[in-house]
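Undergrad: Okay, here's the structure, questions in a sec.
Protein chains: 2
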Amino acid sequence: MKQQFDLQNFLPFRLNRLASEMSAGLSSVYREKFGIEITEWRVIATLAHEGETTAQAIVASTRTHKSTISRAVTKLIGMGWVERSGPSQDGREKSFKLTSLGSQRMGEILPLVRAYEREVLKALGADGDGCLKTISLLEKVIFK
Amino acid sequence: MKQQFDLQNFLPFRLNRLASEMSAGLSSVYREKFGIEITEWRVIATLAHEGETTAQAIVASTRTHKSTISRAVTKLIGMGWVERSGPSQDGREKSFKLTSLGSQRMGEILPLVRAYEREVLKALGADGDGCLKTISLLEKVIFK
DNA sequence: CACTAATAGTTGCAGTTGCAACTAAATCAA
DNA sequence: TTGATTTAGTTGCAACTGCAACTATTAGTG
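Protein chains in written order, with the numbering used here: chain A, 63 to 206; chain B, 63 to 206.
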């Protein structure tokens with residue numbers, strides 16, 4: 063008894079499948095050569111952009127659970143890519159920044175990651191603009 | 063030392079964040095009321111559409127690892143939503159189908175899930191077509 | 001000041017996932 | 001037929017994640 067529903071044309075499924083595949087493609091770029099996972103990548107990307115940053119700010123920027131961020135930061139500190147920076151006024155919060163090793167690694171990863179994105183955008187060609195516009199629209203709808 | 067990289071405008075990140083949020087919104091629809099997770103949802107959606115189906119076909123349709131599908135099917139059988147169907151010519155493969163209970167539950171879930179999708183598409187308004195077109199394009203690029 | 005509530009971050013625990021190794025069955029080659 | 005290869009599905013294991021509970025610190029109230 064077939065019901066009228068086609069998962070293959072279902073928007074949330076298609077979007078999720080697409081994002082998973084893209085993330086998988088991208089993460090293979092930094093996983094193999096640098097031994098980090100997607101959460102670590104997002105943490106160092108945030109630190110590279112923001113400079114000295116609290117864990118809370120990383121949580122907000124990456125939309126990732128604070129326990130996940132906590133563990134990623136711990137791992138990155140263990141790798142020597144990240145260090146705690148001086149205590150802030152608020153004794154509860156901790157600030158972090160990239161070490162020089164972390165900056166160096168980020169400098170190595172960035173071109174690879176950018177090349178990946180460029181490749182996708184290039185394949186989209188003239189439709190790239192429409193794609194970004196669509197995503198902006200969806201963000202407004204979903205992050206209500 | 064700030065580097066020139068903005069995660070917030072990075073295509074794979076934005077797409078992934080969007081898809082996660084959408085999936086989370088959707089899954090709250092069936093998780094609470096029906097006690098299933100996203101993998102189970104995809105399995106029953108595939109079975110509802112395809113009828114009698116092998117595990118392998120579900121793997122292909124959902125793009126999910128075979129071990130994950132194996133466990134989801136086991137769980138669904140335990141819930142009485144899915145049953146094994148008669149042996150096929152190939153003794154390695156196993157075919158499954160929805161039970162009448164499974165069909166009934168699917169009939170209850172479908173309107174909720176469709177309503178969610180409709181809500182998103184409605185919010186997109188006239189841009190809905192462009193959105194679907196963009197996703198099709200990205201699929202061609204990513205699933206090379 | 002004392003007491004309560006809120007916030008930042010960590011950790012134990014349980015659930016989920018992917019990988020690799022495994023079993024069972026089919027296919028292929030000689 | 002026999003033996004090697006491939007395919008379908010299952011399971012043990014290790015890694016990752018989210019939740020809830022916890023500590024520590026700050027903010028708010030009287």
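We put the beta carbon where it would ideally sit given N, CA and C, even for glycine.
Under the three-state reduction of DSSP, which class applies to K95/B: helix, strand or coil?
TA: helix
Undergrad: Taking R76/B as the query, report the chain A residues whose CB atoms sit under 8 Å from its CB, ordered along the chain.
TA: I197 and E201
Undergrad: List the DSSP bridge partners of S147/B.
TA: S157/B
Undergrad: Between the segment 129-152 of chain B and chain A, which residues of the former have a C-beta closer than 8 Å to a C-beta of the latter?
TA: none
Undergrad: If we call anything under 8 Å between Cβ atoms a contact, is F72/B one with I171/B?
TA: no
Undergrad: Rounded to whole angstroms, what is the Cα-Cα separation between V175/B and G187/A?
TA: 33 Å
Undergrad: Contact criterion: CB-CB distance below 8 Å. Does L73/B meet it with respect to chain A?
TA: yes
Undergrad: What does a CB cutoff of less than 8 Å around V91/A pick up in its chain, not counting 5 residues either side in sequence?
TA: I171, L174, V175 and Y178
Undergrad: Please report how far the alpha carbon of G87/A lies from the alpha carbon of S89/B, in whole angstroms.
TA: 25 Å
Undergrad: Quick check on T115/A: does DSSP put it in helix, strand or coil?
TA: strand
Undergrad: Excluding the five sequence neighbours on either side, which residues of its own chain have a C-beta within less than 7 Å of the C-beta of E201/B, listed in chain order?
TA: none
Undergrad: Rounded to the nearest angstrom, how far is the Cβ of G192/A from that of T196/B, given a contact under 8 Å?
TA: 6 Å
Undergrad: Contact between the segment 123-137 of chain A and the segment 160-168 of chain A: three or more CB pairs below 8 Å?
TA: Judged by Cβ distances under 8 Å, the segment 123-137 of chain A makes no contact with the segment 160-168 of chain A, as fewer than three pairs qualify.
Undergrad: Should A81/B and L77/A be called a contact, given that it needs their Cβ atoms to be closer than 8 Å?
TA: yes
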